[in-house]
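*Asks:* Per my numbering, the sequence shown runs over residues 18 to 283.
What follows is a single structure, and I will ask about it in a moment.
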Amino acid sequence: MSLQPAATPIATVDGQPINLATVDDAVARVVAAAKQAQDFTLFTFNLDHVVKRRRDEDFRSAYRRATFVTADGAPIVRLARRQGARLDRTTGADLVLPVCTAAAQHAIPLHLFGSTEESLAKARSRLQSRFPRLDIRGAESPRQKFDPHSEDAAAAGTRIARSGARICLVALGAPKQEVFADRMMARGYGIGYLCVGAALDFISGEQQRAPRALQASGLEWFWRLAANPRRLALRYGRCAGVLADLAVLEPLRRRVPVRALNRSGL
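Rendered as structure tokens:
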């Protein structure tokens, strides 16, 4: 087993390199690494992750070691494009079906990890129906208060490895899924861990994704907020604050030496 080297960054937002530009680029990289049984992680970087990275050292560390990172969310895409990067918004939900298509074509076995038992069973059934040649080696929903540092997490990682899967779709939500993926990558099982958030719930029908028009216009967040205001209002409020910070400071960070910024208190 070998560690897949990180791709060359095409943009950096809040100090985080982004190195995958499109869904096609991501799928090609994932397939190439999985066919060689390389260890890798793929994270989709959005404003919520910016907020959580600033507060959570484990999350920051996982991101520092991430093999592949996409731009997830219109604000991240716009900030990256300001740097001259040519890239598209690429979410976990955007990746699952193309990855499954490629995995079926190339006989790459998968494992599903996360969500709830009911949703996971539905997602597995629907994926299997849509891709008859897709080799899903296992599907596991951990307990609700799953700790990625626990013995349960280590045991789950061992089960995933024993299944023979080369790709694991991890649907635990941030930052649990990224921390779990990072810890399992370090074990050298020869598996790629794709952190896909609510993607499996979209496939199962347990959650409804925003209409394509809202996705394309960068307003998917509004759809999600309207569907779950109590849970998401504070999150999106924090994201708005971070976006204001990034919009002002990102250009300065690229133009002014770090020491000068530190002296000025930025």
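By construction, the Cβ of each residue, glycine as well, lies at the ideal position given by its N, Cα and C atoms.
As the structure is a computational prediction, the values presented were derived from the model and not from experiment.
Report the option in 57, 31 and 215 whose CA atom is closest to the CA atom of residue 43.
*Replies:* Ranking the options by Cα distance to residue 43, first place goes to 57.
*Asks:* First and last residue of the alpha helix (DSSP H) that includes residue 165?
*Replies:* That residue, residue 165, is in no alpha helix (DSSP H); it is neither H nor E in DSSP.
*Asks:* Let's test the definition: count the other Cβ atoms within 10 Å of the Cβ of residue 130 and tell me whether it reaches 16, buried, or not, exposed.
*Replies:* Residue 130 should be labelled buried.
*Asks:* In its own chain, which residues sit with a C-beta less than 6 Å from the C-beta of residue 127, not counting the 5 before and 5 after it?
*Replies:* Cβ within range, chain order: 120, 153, 182 and 184.
*Asks:* Write down the C-beta distance between residue 110 and residue 30 rounded to the nearest angstrom, noting that I regard them as a contact closer than 8 Å.
*Replies:* No, residue 110 and residue 30 are not in contact; Cβ-Cβ is about 20 Å, not under 8 Å.
*Asks:* Over the uninterrupted alpha helix (DSSP H) stretch that includes residue 152, give me the two end residues.
*Replies:* Note, residue 152: premise wrong, no alpha helix (DSSP H); not H, not E.
*Asks:* Contact between the segment 191 to 205 and the segment 165 to 178 is defined here as three or more beta-carbon pairs at a separation below 8 Å; is this criterion met?
*Replies:* Output reads yes: the segment 165 to 178 touches the segment 191 to 205.
*Asks:* Considering just the uninterrupted stretch of the beta strand (DSSP E) at residue 187, what are its terminal residues?
*Replies:* Run containing residue 187: 184 to 188, per the beta strand (DSSP E) assignment.
*Asks:* Assign residue 275 to one of two classes, buried (16 or more other C-beta atoms within 10 Å of its C-beta) or exposed (fewer than that).
*Replies:* Note on residue 275: pLDDT 41, under 50, position unreliable in the model; no value is reported.
*Asks:* In angstroms, rounded to a whole number, what distance separates the CA positions of residue 27 and residue 116?
*Replies:* Cα to Cα, the separation comes out at about 22 Å.
*Asks:* Nearest to residue 86 by CA position, among 124, 132, 195 and 174, is which residue?
*Replies:* That would be 195, whose Cα lies nearest to the Cα of residue 86.
*Asks:* May I ask which residues mark the beginning and end of the alpha helix (DSSP H) holding residue 118?
*Replies:* Segment 109 to 123, the alpha helix (DSSP H) holding residue 118.
*Asks:* Taking all protein chains shown into account, do 16 or more other C-beta atoms lie within 10 angstroms of the C-beta of residue 225, making it buried, or fewer, making it exposed?
*Replies:* Exposed, by the Cβ-count rule.
*Asks:* For residue 102, which residues of its own chain have a beta-carbon under 6 Å away from its beta-carbon, when the five flanking residues on both sides are left out?
*Replies:* Counting only Cβ-Cβ distances below 6 Å, and skipping sequence neighbours, we find 27 and 28.
*Asks:* In the structure shown, what three-state DSSP assignment does residue 281 receive?
*Replies:* In this prediction, residue 281 scores a pLDDT of 34, lower than 50, which makes its location untrustworthy; no coordinate-derived value is stated.
*Asks:* Do you know offhand how far residue 241's Cα is from residue 65's?
*Replies:* Residue 241 and residue 65: Cα-Cα distance of roughly 13 Å.
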